[in-house]
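S.K.: Letter by letter, the sequence shown follows residues 192 to 467 in the working numbering.
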Amino acid sequence: MLAALEATDGAAANRQSIAETLNTAVHGSTAFLWALGLTAVLWVLCLVGAAVQKERRAALLIPLLLGALLEAALILYLAIQGRMPTRVLWLVFLPFMALVAGLLPSCIPAVRLRFVRVAATVGLCCGVLCVSGLMLAEVIPHLLPDIEAWEAIGDPAAALDEYALANPDMLFIYDMTLAVDTRLFPDVSQGIPHNVVCWGGWPLRSPATVEQFAAFDIDLLHFDPANLLRYDVCIASGVVDPPPTLVIDYLREKVDPACDYMIYSEMGGVYFFQFY
192 MLAALEATDG AAANRQSIAE TLNTAVHGST AFLWALGLTA VLWVLCLVGA AVQKERRAAL
252 LIPLLLGALL EAALILYLAI QGRMPTRVLW LVFLPFMALV AGLLPSCIPA VRLRFVRVAA
312 TVGLCCGVLC VSGLMLAEVI PHLLPDIEAW EAIGDPAAAL DEYALANPDM LFIYDMTLAV
372 DTRLFPDVSQ GIPHNVVCWG GWPLRSPATV EQFAAFDIDL LHFDPANLLR YDVCIASGVV
432 DPPPTLVIDY LREKVDPACD YMIYSEMGGV YFFQFY
């Protein structure tokens, strides 16, 4: 990541094809695939229902077709940019899902037999609820805290905050292993650490993050790799094996081939690495 930022002066590098980008976005996201399949089925049913309605055919078909066209165009545009995480795909797809779900009742053809109308509506609702249940069953376990791990080693996010508060003169840069904080209401009675920052994601080059680095006399926008060798800078990770080899390789290439690392400290499942 450091090398990519350095080579492109902060701009995103387009190194993937459109197919690779889309495959990366949906890889492992069963919930999104369920949502995509359900929406596609409902969209086709809406088209069929709208097509048989003479009076409202155009009023229903135009938003359905135009919405699908805009959805495809936006996804294609983002894929061309070369970086589209799953959360972005969700953000783009949810409005289209809402459009289809909102138009679905209007697309159900008027049938004289009340029983048929009720049965069709109930069947569609049950199908949507079943698929939604499968999606929730896939997603919810990943959102719940790991109680067993907490009891064994504690909460890594809380441990990182506690350690940072105890060492306000050090800057702690944590990696993606610590990026998911499931605390709904974290305990801030001891204060909020301002020396903890994530290396990556959308906030990396934000004004707030730039100020955090500037507080330690580090120019984030013109980052010097040698800053990672400072005694008051640590890389925090939720795993000790494998070690942060990407950072080591980067330092050996950009600073000194003899660069190495050591475990500076450990607390509550968080490992603090220093480089020299």
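The C-beta atom is built at its ideal place from N, Cα and C for all residues, glycine as well.
(1) Below 8 Å, how does it come out for the region 277-288 and the region 217-230: are there three or more Cβ pairs, yes or no?
(2) Would you mind reading off the limits of the beta strand (DSSP E) that contains Phe477?
(3) Give the DSSP-derived three-state secondary structure of Ala427 in the structure shown.
(4) Tyr452 by DSSP, collapsed to three states: which one?
(5) If you check the beta carbons only, do Leu251 and Ser297 fall under 8 Å apart?
(6) Taking 6 Å as the limit between beta carbons, can you name the residues of its chain near Ala202, skipping five residues before and five after?
(7) Within a Cβ cutoff of 7 Å, which residues of the same chain sit near Thr400, ignoring the five residues on either side of it in sequence?
(8) Do you know how far the Cα of Gly258 is from the Cα of Val438?
(9) Excluding the five sequence neighbours on either side, which residues of its own chain have a C-beta within less than 6 Å of the C-beta of Leu463, listed in chain order?
(10) Tell me whether Gly460 is buried or exposed, calling it buried when 16 or more other Cβ atoms sit within 10 Å of its Cβ.
(11) Give me the residue from Leu327, Leu356, Arg305 with the minimum Cα distance to Leu224.
(12) Can you name, in chain order, every residue of its own chain whose Cβ lies under 8 Å from the Cβ of Leu471, other than the five neighbours on each side?
(13) Terminal residues of the continuous beta strand (DSSP E) containing Tyr462?
(14) Go ahead and pull the three-state DSSP assignment for Tyr365.
(15) Ala241 to Asp372, Cα distance in whole Å?
(16) Quick one: Cα of Leu213 to Cα of Asp360, how far?
(17) Pair every Cβ in the region 370-384 with every Cβ in the region 400-409, then say whether three or more of these pairs are closer than 8 Å.
(18) Since Ala350 and Met458 are thought to touch, with beta carbons under 8 Å apart, how far apart are those beta carbons, to the nearest angstrom?
(19) So, under 8 Å CB-CB, Pro254 and Leu282 are touching, yes? Tell me the CB distance rounded to an integer number of Å.
(20) Could you tell me the alpha carbon to alpha carbon distance between Pro319 and Trp234, rounded to whole angstroms?
(21) Might you give, ordered along the chain, the residues of its own chain that have their beta carbon closer than 6 Å to the beta carbon of Arg308, omitting 5 neighbours on each side?
(22) With a Cβ-Cβ cutoff of 8 Å, do Ala310 and Ile299 count as a contact?
(23) In this structure, what does DSSP give as the bridge partners for Glu457?
M.R.: According to the structure data:
(1) Touching, per the Cβ criterion.
(2) Only positions 192 to 467 of the chain appear in this structure, which leaves residue 477 out of reach.
(3) Ala427 carries a strand assignment under DSSP once its states are collapsed to helix, strand and coil.
(4) In this structure, DSSP gives Tyr452 an extended state, which the three-state scheme calls strand.
(5) Judged by their CB atoms, Leu251 and Ser297 are nearer to each other than the 8 Å cut-off.
(6) Low local confidence applies: a pLDDT of 41 at Ala202 is under 50, so the model's placement there is unreliable, with the coordinate-based value given in what follows. Within the same chain, Ala202 has no close Cβ partners at all.
(7) Result list for Thr400: Val388, Pro394, Leu411, in chain order.
(8) Straight-line Cα distance between these residues: approximately 44 Å.
(9) For the record, residue 463 in the displayed sequence is Phe; it is not Leu. For Phe463, where only same-chain residues beyond five positions count, the Cβ hits under 6 Å are Cys425, Ala427, Tyr455, Ser456.
(10) With a 10 Å radius around the Cβ and a threshold of 16 neighbouring Cβ atoms, Gly460 comes out buried.
(11) Of the candidates Leu327, Leu356, Arg305, the one whose C-alpha sits nearest the C-alpha of Leu224 is Leu327.
(12) Look at the range of the chain in this structure, 192 to 467, and you will see that residue 471 is not part of it.
(13) For Tyr462, the enclosing beta strand (DSSP E) begins and ends at 461-466.
(14) Under the three-state reduction of DSSP output, Tyr365 falls in the strand class.
(15) Straight through space, the alpha carbons of Asp372 and Ala241 are spaced by roughly 45 Å.
(16) In this model, Leu213 and Asp360 are separated by some 42 Å (Cα to Cα).
(17) As far as the Cβ criterion goes, the region 370-384 does not touch the region 400-409, which means the pair count is below three.
(18) Yes, they are in contact, since the Cβ atoms of Ala350 and Met458 sit about 5 Å apart, within 8 Å.
(19) Going by Cβ atoms, the distance from Pro254 to Leu282 rounds to 20 Å, so no, they are not a contact pair.
(20) A small correction: the amino acid at residue 319 is Val; Pro does not occupy that position in the sequence shown. Between Val319 and Trp234, the C-alpha separation is close to 13 Å.
(21) Around Arg308: Val302.
(22) With contacts defined as CB atoms closer than 8 Å, Ala310 and Ile299 fail to qualify as a contacting pair.
(23) Per DSSP, Tyr462.
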